[in-house]
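Colleague: Going down the list, the protein sequences come from chains B and A.
In terms of our numbering, the first sequence opens at residue 1 and continues consecutively.
In terms of our numbering, the second sequence opens at residue 371 and continues consecutively.
From the three backbone atoms N, C-alpha and C, an ideal C-beta is built for every residue, glycine too.
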Amino acid sequence: MKKIYFFTAIGAAFIILLSANRPIPNPYGLKQGAAEIKSISAISFGPDGILFIGDSKSAMVFAIDTKDKTMVEKATATEVKNIDQKIAAALGTEAKNVRIQDIAVNPISKKVYIAVQSNDGTPLLLTLEGDKIVPVNLKDISHSSISIANVPGDDMKDRNGRPLRDQSISDLNYADGSVMLSGLSNQEFGSTFRKISFPFSDKQEQASLEIYHAAHGKFETNAPIRTFTTAELNGKKYLVASYTCTPLVLFPLDELKPGKHVKGRTVAEFGAGNSPVDMITLKKDGISYLFMANTNRPVMRINYKNIESYEGTLTEPIKESYGTAGVSFTNLPAVNVLQMDKLDETQVLVLQRRANGDLDLYTARADRWM
Amino acid sequence: MSKYIFYNNRIRLHCIWSLIFSFLLIGCVEKNKHSHQEVIIQWKDNKAEAILISQQLFPGLTENSLNSQIEVQLKHTNVPVIGDYIRRGEVITFQPLIPFTRGLQYEVYYKKQVVSQFEIPLDTLSKAPTVVAIYPTSDTVPENLLKIYIQFSQPMQEGEAIKNITILKNDTDTVPSIFLDLENELWNKERTLLTLWLDPGRIKRDLQPNKRSGTPLQKATRYAVLIGKDWRSAEGMALESSYRKTFFAGTRDAVSPDPSAWSIITPNAKTNQPLTIHLQETLDHVLLKNTVRIINSMGNIIAGVIETAEEETILRFTPVELWKPGNYIIEIESRLEDLAGNNLNRLFDNDITRSAKTTPKEVHSISFTIQ
Numbered sequence: 001m002k003k004i005y006f007f008t009a010i011g012a013a014f015i016i017l018l019s020a021n022r023p024i025p026n027p028y029g030l031k032q033g034a035a036e037i038k039s040i041s042a043i044s045f046g047p048d049g050i051l052f053i054g055d056s057k058s059a060m061v062f063a064i065d066t067k068d069k070t071m072v073e074k075a076t077a078t079e080v081k082n083i084d085q086k087i088a089a090a091l092g093t094e095a096k097n098v099r100i101q102d103i104a105v106n107p108i109s110k111k112v113y114i115a116v117q118s119n120d121g122t123p124l125l126l127t128l129e130g131d132k133i134v135p136v137n138l139k140d141i142s143h144s145s146i147s148i149a150n151v152p153g154d155d156m157k158d159r160n161g162r163p164l165r166d167q168s169i170s171d172l173n174y175a176d177g178s179v180m181l182s183g184l185s186n187q188e189f190g191s192t193f194r195k196i197s198f199p200f201s202d203k204q205e206q207a208s209l210e211i212y213h214a215a216h217g218k219f220e221t222n223a224p225i226r227t228f229t230t231a232e233l234n235g236k237k238y239l240v241a242s243y244t245c246t247p248l249v250l251f252p253l254d255e256l257k258p259g260k261h262v263k264g265r266t267v268a269e270f271g272a273g274n275s276p277v278d279m280i281t282l283k284k285d286g287i288s289y290l291f292m293a294n295t296n297r298p299v300m301r302i303n304y305k306n307i308e309s310y311e312g313t314l315t316e317p318i319k320e321s322y323g324t325a326g327v328s329f330t331n332l333p334a335v336n337v338l339q340m341d342k343l344d345e346t347q348v349l350v351l352q353r354r355a356n357g358d359l360d361l362y363t364a365r366a367d368r369w370m
Numbered sequence: 371m372s373k374y375i376f377y378n379n380r381i382r383l384h385c386i387w388s389l390i391f392s393f394l395l396i397g398c399v400e401k402n403k404h405s406h407q408e409v410i411i412q413w414k415d416n417k418a419e420a421i422l423i424s425q426q427l428f429p430g431l432t433e434n435s436l437n438s439q440i441e442v443q444l445k446h447t448n449v450p451v452i453g454d455y456i457r458r459g460e461v462i463t464f465q466p467l468i469p470f471t472r473g474l475q476y477e478v479y480y481k482k483q484v485v486s487q488f489e490i491p492l493d494t495l496s497k498a499p500t501v502v503a504i505y506p507t508s509d510t511v512p513e514n515l516l517k518i519y520i521q522f523s524q525p526m527q528e529g530e531a532i533k534n535i536t537i538l539k540n541d542t543d544t545v546p547s548i549f550l551d552l553e554n555e556l557w558n559k560e561r562t563l564l565t566l567w568l569d570p571g572r573i574k575r576d577l578q579p580n581k582r583s584g585t586p587l588q589k590a591t592r593y594a595v596l597i598g599k600d601w602r603s604a605e606g607m608a609l610e611s612s613y614r615k616t617f618f619a620g621t622r623d624a625v626s627p628d629p630s631a632w633s634i635i636t637p638n639a640k641t642n643q644p645l646t647i648h649l650q651e652t653l654d655h656v657l658l659k660n661t662v663r664i665i666n667s668m669g670n671i672i673a674g675v676i677e678t679a680e681e682e683t684i685l686r687f688t689p690v691e692l693w694k695p696g697n698y699i700i701e702i703e704s705r706l707e708d709l710a711g712n713n714l715n716r717l718f719d720n721d722i723t724r725s726a727k728t729t730p731k732e733v734h735s736i737s738f739t740i741q
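1) When you compare each of Val-625/A, Glu-677/A, Leu-685/A to Asn-715/A by their alpha carbons, which one comes out closest?
2) Among the residues of its own chain, which have a CB less than 6 Å from the CB of Ser-109/B, if the five just before and after it don't count?
3) Can you check the segment 436 to 478 of chain A for any alpha helix (DSSP H) of at least 4 residues that lies completely inside it and give the ranges in chain order?
4) According to DSSP, is Phe-738/A helix, strand or coil?
5) For Leu-256/B, does the three-state DSSP call read helix, strand or coil?
6) According to DSSP, is His-648/A part of a helix, a strand, or is it coil?
7) If I'm right that Tyr-455/A touches Asn-437/A with Cβ under 8 Å, what's the distance once you round it to whole angstroms?
8) Nearest-angstrom Cα distance between Leu-568/A and Gly-177/B?
9) Return yes when the Cβ of Val-267/B is within less than 8 Å of the Cβ of Gly-326/B, no when it is not.
10) How long is the line joining the alpha carbons of Leu-306/B and Asp-341/B, rounded to whole angstroms?
11) Quick one, are the C-beta atoms of Ile-421/A and Gln-412/A less than 8 Å apart?
12) In chain B, what lies closer than 7 Å to Gly-529/A by C-beta?
13) Hey, out of Pro-637/A, Ser-667/A, Asn-670/A, Ala-679/A, whose CA is closest to Thr-652/A's CA?
14) Considering only C-alpha positions, which residue in the set Ile-532/A, Glu-560/A, Gly-620/A is nearest to Phe-549/A?
15) Establish whether the CB of Thr-244/B and some CB of chain C are separated by less than 8 Å.
16) Going by C-alpha to C-alpha distance, which of Gly-674/A, Thr-562/A, Glu-513/A, Glu-732/A sits closest to Lys-589/A?
17) With a threshold of 7 Å on Cβ separation, who are the neighbours of Tyr-480/A within its own chain once the five nearest residues in sequence on each side are excluded?
18) Give the range of the beta strand (DSSP E) segment to which Gln-85/B is assigned.
19) Tell me which residues of the segment 462 to 485 of chain A have at least one Cβ-Cβ distance to chain B shorter than 9 Å, keeping chain order.
20) What do you get for Ile-535/A, buried or exposed, if any count of 16 or more other CB atoms within 10 angstroms of its CB means buried?
21) Output the residue ranges of the alpha helix (DSSP H) runs that lie fully inside the segment 661 to 693 of chain A and measure 4 residues or longer, sorted by chain position.
22) Chain A partners of Thr-122/B, CB-CB under 7 Å?
23) Taking only beta-carbon atoms, is Glu-188/B less than 8 Å away from chain A?
24) Whole angstroms are fine: how far does the CA of Gln-527/A sit from the CA of Gln-117/B?
25) Expressed to the nearest angstrom, what Euclidean distance is found between the alpha-carbon atoms of Pro-689/A and Gln-101/B?
26) Quick one: what's Tyr-289/B bridged to in DSSP?
27) Within this structure, are the beta carbons of Val-662/A and Ile-702/A separated by less than 8 Å?
28) Residues of chain B with CB closer than 7 Å to the CB of Thr-565/A, please, in chain order.
29) Just to confirm my understanding: we take Lys-218/B, look at its own chain, exclude 5 residues before and 5 after, and list those with CB closer than 8 Å. What are they?
30) For Asp-378/B, is the classification buried or exposed, using 16 other Cβ atoms within 10 angstroms of its Cβ as the cut-off for buried?
31) Any beta carbon from chain B within less than 8 Å of Arg-686/A's own beta carbon?
32) Of all the CB atoms in chain A, is at least one closer than 8 Å to the CB of Ala-44/B?
33) Against chain B, with Cβ distances strictly below 8 Å, would Ile-676/A count as a contact?
34) Report the rounded CA-to-CA distance for Phe-291/B versus Pro-276/B, giving the unit in angstroms.
35) Going by C-alpha to C-alpha distance, which of Ile-43/B, Pro-47/B, Ala-34/B sits closest to Asn-26/B?
36) I'd like to check one pair, Ile-740/A with Pro-360/A: are the Cβ atoms closer than 8 Å?
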């Protein structure tokens with residue numbers, strides 16, 4: 001009998017020992033190894049220091065664990081003048097041979113991540129430590145990935161010999177457990193928008209949507225989204241998207257379902273001859289503002305309250321040349337801004353092409369923008 | 371005695387070093403003519419992916435000081451190049467994060483002193499890239515042309531398109547920005563085929579850019595696409611020559627392609643003659659190659675090659691194996707477009723107030739028989 005007690009005790013001790021030494025939880029199903037990334041079109045942070053990488057060349061989305069999770073409340077202001085030249089020098093080449101594809105700030109550590117494409121085709125993920133450029137080793141990293149090559153619902157998809165469609169990922173964001181990305185095919189003209197839940201799984205349900213907005217009366221526009229974000233308006237979650245020629249369009253997130261055609265509501269026209277390049281949301285005194293950088297216009301500030309209260313949809317063509325309509329906005333004294341991200345609650349990281357041609361990364365005080 | 375050992379060691383080191391060099395030279399590693407003896411460039415796929423440095427350059431080097439005391443810098447930058455240093459016997463290999471750039475000079479530092487320098491030679495042996503074709507190849511295009519493709523002979527550098535392409539109108543005026551300026555250019559995976567969209571906002575009737583600036587191309591106007599020879603390949607070589615293609619903008623195309631109007635010339639069985647399809651109009655070259663498939667009566671895809679001809683008005687399918695007698699189906703995905711972006715199911719410039727087809731077919735089919 002004593003023996004039984006003895007073995008029970010040993011067994012219990014063993015179970016306790018096992019549970020104490022169980023592997024570190026891996027809630028996102030990531031695997032250590034080389035992330036076979038062929039290009040980096042867009043990057044965006046998700047939960048727990050996970051960075052999502054949109055890879056147009058291999059038609060994949062990667063989730064990599066940066067393991068960069070030390071909380072920093074207030075970020076140190078970052079300033080790197082001629083950042084393209086500094087990156088090029090650290091790579092042993094000239095600025096004309098490298099392109100900054102995207103910039104993202106880790107919302108936990110406030111560290112700056114820079115996606116760079118070298119002209120020889122090598123994709124690089126770099127971080128800033130002070131003004132020192134440090135590479136992220138993608139050859140041995142905890143990661144997972146999912147293909148975006150096939151369009152679900154296409155009845156030819158299971159046949160052999162079907163070529164993969166090339167497409168370009170124009171923007172990528174994470175919200176509420178899903179990675180969302182907008183893209184443009186290099187063959188047929190159409191807008192694709194996908195919502196992929198994370199962690200990625202084999203039984204992935206991807207929503208591939210053709211979105212159109214009846215911006216100008218009766219002619220449908222099936223244009224690709226250039227940049228987007230998500231926002232809660234009047235208690236409901238929306239996709240806030242902008243297109244070439246700068247209409248701002250809202251789509252209810254709960255309507256974005258596989259195979260469904262969703263008609264967006266155009267709430268503003270910010271002027272023709274322009275393309276939006278990036279969007280961020282900042283808050284001051286409980287009021288949220290949308291900031292949008294553009295190719296041929298300054299950074300625009302839009303109060304979300306005005307978007308909430310605008311209930312109509314723009315359907316009439318704008319008569320005035322380069323005219324605007326709908327929700328009001330304010331132009332900020334910042335032109336040629338190529339990338340923006342929130343550094344912390346009070347600071348914005350800005351990549352800007354200066355009037356003299358220099359490409360500078362700097363920190364702007366958010367309160368001066370609001 | 372100690373002198374003898376020292377001398378002997380020197381000889382031995384020299385011998386090992388020479389052996390390594392000979393081995394590397396035999397092993398298809400090109401020696402840099404411009405470099406000093408101490409540095410050898412290691413090539414892979416015509417890229418200078420690493421350098422091999424003789425340890426003799428680094429007296430007193432220890433394993434721990436490999437990364438801290440050796441630096442490779444691009445000349446005049448004063449910034450160490452990021453990369454990995456690996457020691458193998460008497461040789462230190464330095465592999466930068468991206469290959470060294472041709473035509474640039476680099477320096478090797480040890481304990482903050484320059485100990486060697488080397489230059490990556492320009493490529494004089496490889497062939498310069500060329501423009502193989504610009505699609506559509508036809509001389510006349512609809513005024514609502516939606517896109518053009520540029521086919522190159524080699525992988526090209528990205529981000530160069532807008533500055534290297536000029537459009538001339540009636541041989542005199544430069545036409546500003548008719549293409550959609552995308553942050554990320556649309557290349558195929560091999561980076562040999564570039565897609566350029568003519569600004570769709572200007573093609574769609576009644577959209578503001580269309581009202582303001584009109585369509586990108588105007589009817590009854592002659593245009594020339596000029597491609598500058600500064601456009602470089604992924605390996606850094608400029609185009610062999612500039613390239614010019616002229617075309618004439620004709621009437622608007624507002625009709626979807628109609629496979630039921632296509633005529634088919636069927637080959638004989640037991641040959642591998644091509645199946646020839648006359649499309650009755652110029653269709654999109656790239657989509658033709660990607661949306662059309664030949665299926666046998668068992669439902670299997672017939673392996674073969676699709677080519678376009680006669681200004682993309684003809685599609686030829688040549689099977690890998692000889693044709694067998696039987697019934698076949700040509701399957702065409704509805705996303706196949708004409709030059710104006712009208713696909714099999716809808717017009718690019720779709721009037722949504724008109725009733726659309728209730729259930730558009732994803733795949734259109736044409737049957738044919740091989741006898």
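Modeller: For this structure:
1) Val-625/A
2) Asp-68, Thr-70, Val-72
3) 436 to 439
4) strand
5) coil
6) Under the three-state reduction of DSSP, His-648/A is assigned to strand.
7) 6 Å
8) 37 Å
9) yes
10) Note on identity: in this sequence residue 306/B is Asn, with Leu being the wrong assignment. Distance between the alpha carbons of Asn-306/B and Asp-341/B: 22 Å.
11) yes
12) Arg-99
13) For Thr-652/A, the nearest C-alpha among the options comes from Ala-679/A.
14) Nearest Cα to Phe-549/A within the set Ile-532/A, Glu-560/A, Gly-620/A: Ile-532/A.
15) The structure shown contains no chain C; the protein chains it does contain are B and A.
16) Here the closest residue by C-alpha is Glu-513/A.
17) Leu-427, Phe-428, Gln-439, Ile-440
18) Counting along the chain, Gln-85/B falls outside any beta strand (DSSP E), though it belongs to the alpha helix (DSSP H) covering 83 to 90.
19) Among the residues of the segment 462 to 485 of chain A, those with a Cβ less than 9 Å away from any Cβ of chain B are Pro-466, Leu-467, Ile-468, Pro-469, Phe-470, Thr-471, Leu-474, Tyr-476, in the order of the chain.
20) buried
21) Counting whole runs of 4 or more residues, the segment 661 to 693 of chain A contains no alpha helix (DSSP H) stretch at all.
22) Ile-468
23) yes
24) 10 Å
25) 42 Å
26) Per DSSP, Leu-282/B, Asn-303/B.
27) yes
28) Asn-186
29) Below a pLDDT of 50, predicted positions are generally treated as unreliable, and Lys-218/B, at 44, falls in that range; the measurement from the model is reported next regardless. For Lys-218/B, where only same-chain residues beyond five positions count, there are no Cβ hits under 8 Å.
30) Because chain B spans 1 through 370 in this model, residue 378/B falls outside it and cannot be assessed.
31) With a threshold of 8 Å between beta carbons, Arg-686/A makes no contact with chain B.
32) It is Ser, not Ala, that sits at residue 44/B in the sequence shown. Not closer than 8 Å to any Cβ of chain A, the Cβ of Ser-44/B fails to qualify, so no.
33) Taking Cβ atoms only, chain B never reaches closer than 8 Å to Ile-676/A, which makes this a no.
34) 10 Å
35) Pro-47/B
36) Absent from the structure is residue 360/A, since the part of chain A shown begins at 371 and ends at 741.
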